[in-house]
Amino acid sequence: MIRFLLRRIGQFIITFLAASFLLFAVTEFSPGTVASKILGPYAVSSQVDLLTEKLHLGDPLLLRYLRWLGIVAGVVENPLGDPAIGLGLSDPRGNRYVGNFGYSLMLKEPVVDVVGERIGYTALLTLLAILVIIPVSLAAGVAAGVNPGRPIDRVLSMGAVILTSLPEFVVAVALLLVGVVWLGLLPGTSPMTQGGRWPLSLQLVLPVGVLVIASASYVLRIVRASVADTMRKPYVRTALLKGLKRRDIILHHVLRNAMIPPITVILLQINWLLTGVVVVESIFAYPGVGSLLLQAALFGDIYLVQALTLLALLVAVGTQLIGDLCYLALDPKIKLG
Amino acid sequence: MTRPRDHDYLPILKRDLADGKVSRRSFLRTATLLGLSAASAYAFADKVTGVPSEAQAQDAKPKGGTLRISTTVYDVKSPAIASTTAHPLIYSQVVEYLTKTGADNVTRPHLLKSWEPSTDLKTWTLHLRDDVKWHSGRPFVADDVVWNLTRLLSDEVGSSVLGLMEGYLLNSVDTGKVDDKGKKIIRHELWDPKAIEKVDDKTVRLNLKAPQLAVPEHLFHYPAVMLYPEEKGVFGPGAIGTGAFTLKELNVSRNAVLEAKPGYWGEGPYLDRIEFIDVGGNEQAIVNALISGQVDGAFQILPDFYPLLKDNAALQYYQVTTADTSVVRMNLKHKPFDDAKVRQAFRLAIDPVKANQITFGQFSTPAEHHHVSPIHPDYAKLPEPQRDVEKAKALLAEAGYKDGVDVELVIQQNPPHHLRNATALTEMWKEAGIRAAIKVVPNPQYWDVWMTAPLGMTVWAHRPLGVMNLALAYRSNAAWNESAFANPEFDKLLDEAEAIPDPKARSARMADIEALMQREGPIVQTYWRNLISFYDKKVVGFAMHPTYMVFCNELAIKS
Chain R
15 MIRFLLRRIG QFIITFLAAS FLLFAVTEFS PGTVASKILG PYAVSSQVDL
65 LTEKLHLGDP LLLRYLRWLG IVAGVVENPL GDPAIGLGLS DPRGNRYVGN
115 FGYSLMLKEP VVDVVGERIG YTALLTLLAI LVIIPVSLAA GVAAGVNPGR
165 PIDRVLSMGA VILTSLPEFV VAVALLLVGV VWLGLLPGTS PMTQGGRWPL
215 SLQLVLPVGV LVIASASYVL RIVRASVADT MRKPYVRTAL LKGLKRRDII
265 LHHVLRNAMI PPITVILLQI NWLLTGVVVV ESIFAYPGVG SLLLQAALFG
315 DIYLVQALTL LALLVAVGTQ LIGDLCYLAL DPKIKLG
Chain A
10 MTRPRDHDYL PILKRDLADG KVSRRSFLRT ATLLGLSAAS AYAFADKVTG
60 VPSEAQAQDA KPKGGTLRIS TTVYDVKSPA IASTTAHPLI YSQVVEYLTK
110 TGADNVTRPH LLKSWEPSTD LKTWTLHLRD DVKWHSGRPF VADDVVWNLT
160 RLLSDEVGSS VLGLMEGYLL NSVDTGKVDD KGKKIIRHEL WDPKAIEKVD
210 DKTVRLNLKA PQLAVPEHLF HYPAVMLYPE EKGVFGPGAI GTGAFTLKEL
260 NVSRNAVLEA KPGYWGEGPY LDRIEFIDVG GNEQAIVNAL ISGQVDGAFQ
310 ILPDFYPLLK DNAALQYYQV TTADTSVVRM NLKHKPFDDA KVRQAFRLAI
360 DPVKANQITF GQFSTPAEHH HVSPIHPDYA KLPEPQRDVE KAKALLAEAG
410 YKDGVDVELV IQQNPPHHLR NATALTEMWK EAGIRAAIKV VPNPQYWDVW
460 MTAPLGMTVW AHRPLGVMNL ALAYRSNAAW NESAFANPEF DKLLDEAEAI
510 PDPKARSARM ADIEALMQRE GPIVQTYWRN LISFYDKKVV GFAMHPTYMV
560 FCNELAIKS
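If you read the protein sequences in the order shown, they are chains R and A. FYI, in my numbering the residues of the first sequence are 15 to 351. FYI, in my numbering the residues of the second sequence are 10 to 568.
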């Protein structure tokens, strides 16, 4: 097990380095220089040139990448935080520390602080959504899967197909129309600020609702298919012929064997919820990682995009690792090789 | 202490208002520009025209409460490099400008008591108010002004104020060095060591190298706030200013909280607290927040959402006609735009009224291809430009393009109306043989090429005087001359116009400039935007400002 984990960490470091270099190279072709983004479009060229010179932005790509890597590793000082440059950027941890991803060009704050605050909100949204998605989709999926072809299966499966096919923004607009415009029971946005008319709990209802509808219906279909498939296995038939109760067969034999595909899908959903909820967060102005990624990409905030992309990589690798460990727990025949 | 002498032109201006030769608005704008206090100018105008000013008609405003406004909450650590009109919404409540252009497009002294231009408009004496103190208790003095202006004009700071004042306060200096691309490294310095001169503790004199009429307007350019020198140009929560509020909390891209500062020298504040809330730049989210009462008002609302909000009983609609626009500008360094006939053909192939209607409908007014708006006091009315496709074709043929031309029009992704305008223009151009492909690029990419692309569409913000935009965008070698337009006749006319305080005489000169722009200029311009917003009806004292400014010290909330 330890060898397996060490190998996975080694693979992650190699993937991280490759991805970070690719990102660095791709951002070479992104519009706007770092200096022009800091000073804005109306700075004259002499001002932009001076800042470019101070930040050594004219150095070759490889040198700049290595310098950036050195800054992340805490070996090299970040020049953007130098008070002599006069940009007013400051980091309470100083200009040299491990995990220094620099400053967001858009927000003029240390990337670590910006992402740290946003990931907290995204984690909250993910947790609340998952707490609803897992029980709802498992219960409904199993109910449909153990009754294939019956009315309960048809209703649940048809409902899930319709909801899965609706884009998130359509669900969001429909919920806004009902909850905000017609009934006036919910706030129209979820900036998660206190002091106004709407408490934080009510600000969470609509974004969580949209995520649950978008995700639970999909997981339900996977659970239903897997359960229905398992119900046709010879060992289930044998158990039935042996006279075991249907409830015991489902709980002890079907569920455990039917859970491997849904776990993969649920872990992929967590991956998406933590780093890819761009549409829902933007529509509801929710201050999470997804809306931040959209803003950073539109602005061309290189350092922030890099940090968020590497965060997505970390989450993807992490959920994959958890998935592998879950498979092992569910099916001892699976070997970690 | 002797009273500053009135400008020589003031008596003539007063007589012209009495004789009905200048409008009330022109009188107010020019009289205050020439150093007459706003109160005196309004009093004189009220007396002569018999129309009472709005300020006098206002009821007493209630005190207390929190106002929530939806806007993008940017980092404002360095107001000097603010690059959008949303930046000052936060810091201008704490640190203030020497002057203030109101929602009525009239510029008045603010931290200044008055200003006094010389007859040749090359020397501007700025008199500071006696009653202004920093939040630290120290009086606001001339050294503060000199420190701030000098700082704003240095290359190191990177402020857009430099580009604005370069023409009359700075010299460009060739350092003799070249960068790694072989480009000359140019620096700037004050054209004269006494260009920004402290006369005494309450007086500063600007000695210009060229006449300039718009100095007071330039002092209201959004990065030009007076920062507390002891804080070395850095702004943030707890920063010291002269304003009616203090910044308590700033969470970039989330919210900013300001609290009233007792003992403000000017009007108000009536509110206890202001909160600026960022809903992420999603226009629909701003509307949703307004509908559900999460915010009391919005920085701006796109006209697309007007039908959704206009019948909402809780909201009040505000709009202002502005000189905010976008121009399709042709860069003269590239063919075929080096030929004036081609540029004129691009204009003749367009029906500005129709293009304006397609772009904005009721929320704009047609423009006339010369970048001077009917709301500018120096605007001259010319015959409306007419579409003439045959003449456009003939001009293209004369220029050697009898089969028409193929061009690429680069536009920004946002705002979305750029694409509507570009589509309208390209469809009209087709009939004249101008085949334009629209290239939509992300906004940052556009700002990379805005000075160099052969054909692009650029946003130009509202400025109170027509001469201001012309000087920034079309004077030879101006800092923001994106079209590389270099026309000695234009420069000469503009120089003359900038030295004329009389709006009638200046508009006569502007007629020549506008005609030259329509004949040889580098732009196709079809609309002037109205800015619109909605505020909760309980908010008192709001007026939509042509540059989105909100003066929170004047706002109150009815219980």
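Quick reminder that beta carbons are idealized off the backbone N, C-alpha and C, glycines included.
> Grouping DSSP H, G and I as helix and E and B as strand, with all else coil, what is A/A64?
Replying inline: Confidence at A/A64 is low in this model, with a pLDDT of 49, below 50, so the placement of that residue is unreliable and no value is reported for it.
> In the structure shown, what three-state DSSP assignment does A/H227 receive?
Replying inline: It is helical.
>> Taking its Cβ as the centre, do 16 or more other Cβ atoms sit within 10 Å of R/P248, making it buried, or is it exposed?
In response: Around the beta carbon of R/P248, fewer than 16 other beta carbons sit within 10 angstroms, so the residue counts as exposed.
>> Which same chain residues end up closer than 6 Å to R/S231 when comparing Cβ atoms and leaving out the 5 residues on each side of it in sequence?
In response: So the qualifying residues of the chain are A174, L177, T178.
>> What would DSSP say about A/K186, mapped onto helix, strand or coil?
In response: In the structure shown, A/K186 sits in a strand (DSSP, three-state: E or B).
> Thinking C-beta only, is A/S542 closer than 8 Å to A/Q371?
Replying inline: Going by C-beta atoms, A/Q371 is not nearer than 8 Å to A/S542.
> With contact counted as at least three CB pairs below 8 Å, one residue from each stretch, are the stretch 412-419 of chain A and the stretch 439-457 of chain A in contact?
Replying inline: Segment contact: the stretch 412-419 of chain A against the stretch 439-457 of chain A, three or more CB-CB distances shorter than 8 Å; contact assigned.
>> Below 8 Å on the Cβ atoms is my contact criterion, and I expect A/E377 with A/E399 to pass it. Report the Cβ-Cβ distance as a whole number of Å.
In response: In this structure A/E377 does not touch A/E399 by the C-beta definition: roughly 21 Å separates them, more than the 8 Å allowed.
> If you follow the alpha helix (DSSP H) that A/S32 is part of, which residue opens it and which one closes it?
Replying inline: For A/S32, there is no enclosing alpha helix (DSSP H), since its DSSP letter is neither H nor E.
> Using the beta-carbon of each residue, which ones in chain R are nearer than 9 Å to A/Q309?
Replying inline: Within chain R, no residue comes near A/Q309; the closest Cβ sits about 16 Å away, beyond 9 Å.
> How many whole angstroms separate the CB atoms of R/V303 and R/I144, which I take to be in contact at a CB cut-off of 8 Å?
Replying inline: About 16 Å separates the Cβ atoms of R/V303 and R/I144, ruling out a contact at the 8 Å cut-off.
> By a C-beta neighbour count over all protein chains shown, 10 Å radius and 16 as the cutoff for buried, is R/T136 buried or exposed?
Replying inline: The Cβ neighbour count for R/T136, taken over all protein chains shown within 10 Å, is at least 16; the residue is labelled buried.
> A/Q221: which of A/K207, A/E258, A/G176, A/I205 sits nearest, CA to CA?
Replying inline: It is A/G176.
> Just the Cα atoms here: how many angstroms apart are R/L31 and R/R78?
Replying inline: Whole-angstrom Cα-Cα distance: 14 Å.
> Quick one: what does DSSP say R/A158 is sitting in, helix, strand or coil?
Replying inline: In the displayed model, R/A158 falls within a helix according to three-state DSSP.
>> Applying the 10 Å Cβ sphere with the 16-neighbour rule, what's the burial state of R/V266?
In response: According to the sequence displayed, residue 266 of chain R carries His and not Val. When all chains shown are included, R/H266 counts as exposed.
>> If contacts are defined as beta-carbon pairs under 8 Å, then A/A364 and A/L434 qualify, I think. What distance do you get, rounded to the angstrom?
In response: A/L434 and A/A364 do touch by the CB rule: their CB atoms are close to 6 Å apart, below 8 Å.
> Does the separation of the CB atoms of A/Q102 and A/I249 fall below 8 Å?
Replying inline: Taking 8 Å as the cut-off, the Cβ atoms of A/Q102 and A/I249 do not count as close.
> Thinking C-beta only, is R/A158 closer than 8 Å to R/I166?
Replying inline: The answer is yes: Cβ separation under 8 Å.
> Taking three-plus beta-carbon pairs below 8 Å as touching, is the stretch 237-256 of chain R in contact with the stretch 149-164 of chain R?
Replying inline: Yes, the stretch 237-256 of chain R is in contact with the stretch 149-164 of chain R.
> Which residues, taken in chain order from the stretch 151-166 of chain R, show a beta carbon closer than 7 Å to some beta carbon of chain A?
Replying inline: Per Cβ criterion, the list is empty.
> Which residue's Cα is closest to the Cα of A/K547: A/Y106, A/Y18, A/L76?
Replying inline: Considering only A/Y106, A/Y18, A/L76, the residue with the shortest C-alpha distance to A/K547 is A/L76.
> How many angstroms separate the CA atom of A/Y7 from the CA atom of A/L37?
Replying inline: With chain A represented from 10 up to 568, any question about residue 7 of chain A goes unanswered, as that position is not in the structure.
> Which residue's Cα is closest to the Cα of R/A365: R/A330, R/L152, R/I16?
Replying inline: A question about residue 365 of chain R goes unanswered here, because the residues of chain R that appear run from 15 up to 351.
> Going by the CB atoms, is the gap between A/R518 and A/E505 shorter than 8 Å?
Replying inline: Between A/E505 and A/R518, the C-beta spacing is below 8 Å.
> Can you name the start and end residues of the alpha helix (DSSP H) that A/Q309 belongs to?
Replying inline: Careful: A/Q309 lies outside any alpha helix (DSSP H) and carries neither H nor E.
>> Strictly below 9 Å CB to CB, what residues from chain A border R/P201?
In response: For the C-beta of R/P201, the chain A residues within less than 9 Å are, from N- to C-terminus, N297, A298, S301, G302, Q303.
> Taking buried to mean at least 16 other C-beta atoms within 10 Å of its own C-beta, is A/L564 buried or exposed?
Replying inline: It counts as buried.
> In this structure, does DSSP put A/Y18 in helix, strand or coil?
Replying inline: The three-state secondary structure of A/Y18, taken from DSSP, is coil.
> Does A/G167 get closer than 8 Å to chain R when you measure Cβ to Cβ?
Replying inline: Yes - at least one Cβ of chain R is within 8 Å of the one on A/G167.
>> Our contact map puts R/V250 next to R/V268 with C-beta atoms below 8 Å; I'd like the distance itself, whole angstroms only.
In response: With a beta-carbon spacing of about 6 Å, R/V250 and R/V268 fall inside the 8 Å limit used to define contacts.
>> Output needed for A/G245: all residues of its chain with C-beta closer than 8 Å, excluding positions within five of it in sequence on either side, in chain order.
In response: Closer than 8 Å at the Cβ level, and outside the excluded window around A/G245, lie V85, K86, L256, L259.
> Rounded to the nearest angstrom, how far is the Cβ of A/A233 from that of A/N216, given a contact under 8 Å?
Replying inline: With 8 Å as the limit, A/A233 and A/N216 do not qualify as a contact, their Cβ atoms being about 18 Å apart.
>> For a cutoff of 8 Å on Cβ pairs, would you count A/A66 as touching chain R?
In response: For A/A66, the predicted structure reports a pLDDT of 45, less than 50, and the residue's modelled location is therefore unreliable. The matter cannot be settled from this model.
> CA-CA distance, A/L178 and A/I90?
Replying inline: For A/L178 and A/I90, the distance between alpha carbons rounds to 19 Å.
>> Suppose contacts are defined by Cβ-Cβ distances below 8 Å. Is A/V150 in contact with A/L107 by that definition?
In response: Inclusion of A/V150 and A/L107 in the CB contact set at 8 Å is not warranted, their separation being larger than that value.
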